[in-house]
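Enquirer: Residue numbers (my numbering): 260 to 595. Note that beta-carbon positions come from the ideal geometry of N, C-alpha and C, so glycine has one too. Here's a structure for you.
Put into structure tokens, the structure is as follows:
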């Protein structure tokens, strides 16, 4: 994994070493699926979330990794008590940095696939099969849920408008149709996360999405649900006026920073893609595709997953776009 900040590498290296010492063989012999959660001060929420997670996703055994990102409460202890493997980082750097570390732990531990969710209970664990199914079937290398294709429990018109605006912006820049850039329930081949350059401590969802499109991976969206947060409060969009709870101001600063990240990442990855020899297009990218997968096709249960791994499950014919992006070699034999 490439680090642009030596301090980040030092923090991650120390965290990886501590994780290995704490978990031993359990952390280095992960099952095929790693469920990665980045959590910051989610005491009271993270425990119920972990206990609600399935032991298998699409019929494959799964292990939960929680990266406690400089928490000041009992998040780490609560996650351990719920049965998760916890990587307790002493400094708070943001969700993006925590997920990057979680991806590294999953890859180093031998997981073939990564599923991400949040520690606040906003995502439905029953939909994990839906996001991982297309990856197992070979229809995609990276799948994200979409509230616009599915449903959302919010009356925040500013946030709804923001989701649409940034999805349209990212679609325009990359030349791929994306309806939701920030949905936290995602599934991917583990090796994808080692290919993409991840620098953002925050706002990592769009950085990862732009990266996978740039590198020619098959990208798909599936209908999914986001629930209203019932415990704690969102950490997004904190503004310089610390201590003041001003939702409109929070949304403004969140949007401003998010726009900067999208355009900055697009420009950076555009240059990297050109240096790597990707064919040019109006957006600067080529060789990848994205599409939505109908919910019926995306719901892969154990039987569908087994068929997919044998080459007879639902495949790329269910997507709305074909792709020249190839799957990644090197997964363990039972997962190809």
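Looking at the strands, I want to know which residues DSSP matches up with residue 295.
Expert: Within the chain shown, numbered from 1, the residue matching residue 295 stands at position 36. Note: residue 295 sits in a beta bridge opposite 324 and 375.
Enquirer: Do you know whose CA, among 446, 441, 533 and 528, lies nearest residue 461's CA?
Expert: Looking up residue 461 in the chain shown gives position 202. With distances taken between Cα atoms, residue 461 lies closest to 441.
Enquirer: Name the one or two DSSP bridge partners that residue 533 has.
Expert: Start at 1 with the first residue of the chain shown, and residue 533 comes out as number 274. Answer by DSSP bridge pairing: none, since residue 533 is not bridged.
Enquirer: Quick check: residue 379 and residue 331, are their CB atoms within less than 8 Å of each other?
Expert: Within the chain shown, numbered from 1, the residue matching residue 379 stands at position 120. Within the chain shown, numbered from 1, the residue matching residue 331 stands at position 72. Their beta carbons are not under 8 Å apart, which means residue 379 does not touch residue 331 by this criterion.
Enquirer: Have a look at residue 366 and residue 449 and give me their C-alpha separation to the nearest angstrom.
Expert: In the chain shown, the residue the question calls residue 366 occupies position 107. In the chain shown, the residue the question calls residue 449 occupies position 190. The alpha-carbon atoms of residue 366 and residue 449 are separated by roughly 6 Å.
Enquirer: Does the Cβ of residue 457 have 16 or more other Cβ atoms within 10 Å, making it buried, or fewer, making it exposed?
Expert: In the chain shown, residue 457 corresponds to position 198, counting from 1. With 16 or more Cβ atoms within 10 Å of its Cβ, residue 457 is classed as buried.
Enquirer: Of the choices 475, 521, 438 and 481, whose alpha-carbon is the least far from that of residue 459?
Expert: Working through the chain shown from its first residue, we reach residue 459 at position 200. Looking at the Cα atoms, 521 is the closest of the given residues.
Enquirer: Per DSSP, what kind of secondary structure is residue 411 in: helix, strand or coil?
Expert: The count along the chain shown starts at 1 and reaches residue 411 at position 152. In the structure shown, residue 411 sits in a strand (DSSP, three-state: E or B).
Enquirer: Applying the 10 Å Cβ sphere with the 16-neighbour rule, what's the burial state of residue 393?
Expert: Locating residue 393 in the chain shown gives position 134, counting from the first residue. Counting Cβ neighbours within 10 Å, residue 393 comes out buried, since at least 16 surround it.
Enquirer: Compare the beta carbon distance of residue 391 and residue 346 with 8 Å and say whether it is the shorter of the two.
Expert: Start at 1 with the first residue of the chain shown, and residue 391 comes out as number 132. Start at 1 with the first residue of the chain shown, and residue 346 comes out as number 87. Not in contact: residue 391 and residue 346 (Cβ atoms no closer than 8 Å).
Enquirer: Pull up the distance between the alpha-carbon of residue 268 and that of residue 326, whole angstroms please.
Expert: Locating residue 268 in the chain shown gives position 9, counting from the first residue. Locating residue 326 in the chain shown gives position 67, counting from the first residue. Cα to Cα, the separation comes out at about 16 Å.
Enquirer: Given a cut-off of 8 Å, decide if residue 373 and residue 308 are closer than it, judged by their beta-carbon atoms.
Expert: In the chain shown, counting from the first residue as 1, residue 308 sits at position 49. In the chain shown, counting from the first residue as 1, residue 373 sits at position 114. Result no, Cβ atoms of residue 308 and residue 373 do not sit closer than 8 Å.
Enquirer: Give me whichever residues DSSP pairs with residue 382 in a beta bridge.
Expert: Against the chain shown, residue 382 aligns to sequence position 123. Answer is 485.
Enquirer: Relative to the C-alpha of residue 465, which residue among 409, 408, 402 and 484 is closest?
Expert: Position 206 of the chain shown, counting from 1, holds the residue named residue 465. It is 402 whose Cα lies nearest to the Cα of residue 465.
Enquirer: Is it buried or exposed, residue 411, if we count other Cβ atoms within 10 angstroms and call 16 or more buried?
Expert: For the purposes of this step, residue 411 is identified with residue 152 of the chain shown, where counting begins at 1. Buried.
Enquirer: Whose CA, out of 514, 455, 438 and 451, lies closest to the CA of residue 483?
Expert: Position 224 of the chain shown, counted from the start, is the residue given in the question as residue 483. It is 438 whose Cα lies nearest to the Cα of residue 483.
Enquirer: Given a cut-off of 8 Å on the beta-carbon distance, is the pair residue 311 and residue 292 in contact?
Expert: Residue mapping note: residue 311 aligns to position 52 of the chain shown, counting from 1. Residue mapping note: residue 292 aligns to position 33 of the chain shown, counting from 1. It is not a contact, given that the beta carbons lie outside the stated cut-off.
Enquirer: Taking the C-alpha atoms as reference points, what is the distance between residue 386 and residue 444?
Expert: Mapped onto the chain shown, residue 386 falls at position 127. Mapped onto the chain shown, residue 444 falls at position 185. Cα to Cα, the separation comes out at about 8 Å.
Enquirer: For residue 485, which residues from the same chain have a beta carbon less than 6 Å from its beta carbon, with the 5 sequence-adjacent residues on both sides left out?
Expert: Taking the chain shown and counting its residues from 1, one reaches residue 485 at position 226. Here the set comprises 381, 406 and 411.
Enquirer: Could you have a look at residue 279 and say whether DSSP puts it in helix, strand or coil?
Expert: The residue labelled residue 279 in the question sits at position 20 within the chain shown. If DSSP states are grouped into helix, strand and coil, residue 279 belongs with the helices.
Enquirer: With DSSP as the reference, identify every bridge partner of residue 427, one or two as the case may be.
Expert: Here residue 427 is taken as the residue at index 168 of the chain shown, counted from 1. Residue 427 pairs with nothing; no bridge assigned.
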